[in-house]
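Numbering (this note's numbering), first residue to last: 45 to 664.
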């Protein structure tokens, strides 16, 4: 659906007509809502499938440079002559980063989402977006003939057949861009204020440039105080209203998944999978994977020290990959088991014949760190690794991964952490927590699609595993890592479309921010917990050990209660819940991970109360 994946934003301008209003920062950092307008534009670009954004900077460039630190999909490049040159030199400056078709925007634009969707859905290359009459005072009029642009001017009388007013958002093919950059140096010599619009007209005889006009488009370019006032009073409120109502092409019916993964995803993550077919051995796809590898590490603050290795598998696949690749044949792994996923580690080790020492705890009970230390001391000659689950999804318990890891460090023991259902939902700092291997999946709190999982490995530890005689083939950590780093390709055929969905999910994570996602999940948990308490339900795990992303609820003993019947009742109303697993008391589980909100939880609680009352179930 959305074929263009790159955007170039021109943000080098001085903004001289806004002096007094905006003296210390570029125009893109004007605020009409909660965020600067450049960040609102970035968010809309990501929503429309853009995965790579280049900003050409100039005046106060450090503000844009900070965005490149905040968003891994944003890169900046400085036009050092920004004060004396036109926009075409800025666009020319971006050439080292432009290797594909792209959307071209200006940084001082405020616009409704439909502007981007119209261009992305337009089936032809090279399309300039136009609008109807704006009365802005400095309009650029666009002359057209049949289906193509023929000229542009700020003088209406120079336009023979008016197509509309230039918005400042265009879809540019790589071929058109090359023709523009071919003539730009000579043109800029003759006119220092040569604009990209002039260049488009100059090459339009050689390349057909199409247009799309949205007559009543809500947009404005903010060049002066009058524009700013109009934006605040009229245009921006209209944009907010329209964007809240926008339907992204075909609307997908939404189900609220309260099971512990796969999680509910955004429509934009779903649509990210609708891409052109591509051989995964192409450089373009290798670049996509490399970007994902780097950003997966960045999410847990492991830059420079850690590497990520991706597999086409469920979360269990990477647990198997890690245990079977990292533990030497003559050593043992201490496995902490207080839930089904700790037990699964033991089962994997049994299958491979890996020596393991087990610390088994009643499911739903916390880890005794003193007991861990005692076992490490007792078996210090045998144990090379300790393996544990961060968020034990069986019961919704959060294990103290940092304390356990630091205890292991005193014995020179490496840490293998299953964070399959906590990664990107609960903040983790792999360096601070001294974790050597962190395992996770794309389909839970990162809010991507099922089918991809990954291990984030301390590079020093990963390099040591190449000396271990392989127990495996497909799941060998080092061989998969070295194959990719040497060839820029996945070793085995990957699920191509799922990678694009993960790229989108990662971008949306950085847009939301680590702190905001943690806060959203915690607020949903609070609403859920309070609502369940008010209804009379009881919880399996003591409050201080709950993860805040999944809750295990003790099943009512009333004869009118049936989990399967309750599940079906809620499922018909758009909510999916999950049964308990293996705890000492019968439970069912409700997760609050994924692209859901407090409103979803409130609606769920209303339907749950309806079921309880309908069946006359006694909870107290």
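All C-beta atoms, glycine included, are put in the ideal place defined by N, C-alpha and C.
Three-state secondary structure (DSSP) at residue i?
i	result
residue 381	strand
residue 539	coil
residue 357	coil
residue 389	helix
residue 45	Confidence at residue 45 is low in this model, with a pLDDT of 42, below 50, so its placement is unreliable and no value can be given for it.
residue 257	strand
residue 525	helix
residue 633	strand
residue 660	coil
residue 55	strand
residue 156	coil
residue 367	helix
residue 519	coil
residue 478	coil
residue 162	helix
residue 264	strand
residue 483	strand
residue 300	strand
residue 506	helix
residue 251	coil
residue 150	strand
residue 168	coil
residue 499	strand
residue 638	strand
residue 273	helix
residue 376	strand
residue 309	coil
residue 231	helix
residue 488	coil
Counting only beta-carbon separations shorter than 8 Å, does residue i have a partner in chain D?
i	result
residue 563	Here chain D cannot be found, since the structure has a single protein chain.
Please look up how many angstroms separate the CB atoms of residue i and residue j, rounded, as I've assumed it's under 8 Å.
i	j	result
residue 244	residue 258	That pair is no contact at about 19 Å.
residue 198	residue 183	7 Å
residue 433	residue 462	4 Å
residue 309	residue 639	6 Å
residue 18	residue 187	In the structure as shown, the chain begins at 45 and stops at 664. Residue 18 is therefore absent and cannot be evaluated.
residue 581	residue 663	6 Å
residue 260	residue 176	6 Å
Only counting the same chain, and skipping five residues up and downstream in sequence, which positions put a Cβ closer than 6 Å to that of residue i?
i	result
residue 569	592, 636
residue 527	535
residue 105	122
residue 655	610, 613
residue 53	99, 149, 151
residue 69	104, 107
residue 134	54, 56, 100, 123
residue 460	366, 429, 431, 481
residue 130	237, 238, 239
residue 575	649
residue 299	618
Skipping 5 residues on each side, what residues in its chain have a beta carbon closer than 7 Å to that of residue i?
i	result
residue 216	145, 146, 148, 170
residue 456	none
residue 371	377, 398, 428, 429
residue 117	95, 96, 97, 551
residue 439	383, 407, 408, 584, 585, 596, 627
residue 87	555
residue 520	369, 514
residue 125	133
Output needed for residue i: all residues of its chain with C-beta closer than 8 Å, excluding positions within five of it in sequence on either side, in chain order.
i	result
residue 303	620, 621, 622, 633, 635
residue 443	380, 382, 410, 411, 432, 433, 434, 435, 436
residue 45	Residue placement at residue 45 is flagged as unreliable, the pLDDT there being 42, under the threshold of 50; a coordinate-derived value is accordingly withheld.
residue 50	94, 95, 96, 97, 98, 142, 144, 145, 146, 147
residue 505	370, 458, 480, 481
residue 547	95, 316, 332, 335, 336
residue 228	132, 133, 135, 136, 238, 243
Under 7 Å from any heavy atom of the ligand FMN, does the C-beta of residue i make it?
i	result
residue 301	For the structure depicted, the ligand FMN is absent and the ligand set is empty, with no information on it obtainable.
Item to check | Completely contained beta strand (DSSP E) runs for the segment 171-221, where each covers 3 or more residues | outcome: If we require 3 residues or more, the beta strand (DSSP E) runs fully inside the segment 171-221 come out as 171-175, 185-189, 192-197, 206-216.
Item to check | Runs of alpha helix (DSSP H) wholly within the segment 558-631 (minimum 4 residues, chain order) | outcome: The qualifying runs are 558-579, 607-615.
Checklist entry - Is it a yes or a no for the segment 413-421 touching the segment 440-456, going by three-plus beta-carbon pairs under 8 Å? => result Enough Cβ pairs lie closer than 8 Å, so yes.
Checklist entry - Where are the alpha helix (DSSP H) runs, 4 residues long or more, that stay fully inside the segment 63-142, in chain order? => result List check, alpha helix (DSSP H) in window: 81-91, 105-114, 131-137.
Next on the checklist: Using 8 Å as the cut-off, can you tell me whether the segment 388-403 makes contact with the segment 541-560, which would need three or more C-beta pairs spanning the two stretches below that distance?
Outcome noted: Contact fails: fewer than three Cβ-Cβ distances are below 8 Å.
Next on the checklist: Ignoring anything shorter than 4 residues, give me the alpha helix (DSSP H) runs that lie fully in the segment 322-359, in order along the chain.
Outcome noted: With a minimum length of 4 residues, the continuous alpha helix (DSSP H) runs that stay inside the segment 322-359 are 327-343.
Checklist entry - Any chance the segment 491-505 sits against the segment 357-368, with 3 or more Cβ pairs inside 8 Å? => result Yes, the segment 491-505 touches the segment 357-368.
Item to check | Cβ contact check for the segment 225-232 and the segment 153-169: 3 or more pairs under 8 Å | outcome: Output reads no: the segment 153-169 does not touch the segment 225-232.
Checklist entry - Whole beta strand (DSSP E) runs in the segment 396-466 with 3 or more residues, listed along the chain? => result Segments of the beta strand (DSSP E) lying fully in the segment 396-466: 400-404, 427-433, 458-462.
Checklist entry - Three or more beta-carbon pairs under 8 Å between the segment 58-77 and the segment 271-284, yes or no? => result Remark: three or more beta-carbon pairs, one from each stretch, lie closer than 8 Å, so the segment 58-77 and the segment 271-284 are flagged as touching.
Item to check | Meets three-Cβ-pair contact criterion under 8 Å: the segment 465-472 and the segment 339-349 | outcome: In this structure the segment 465-472 touches the segment 339-349; the number of beta carbon pairs closer than 8 Å is three or more.
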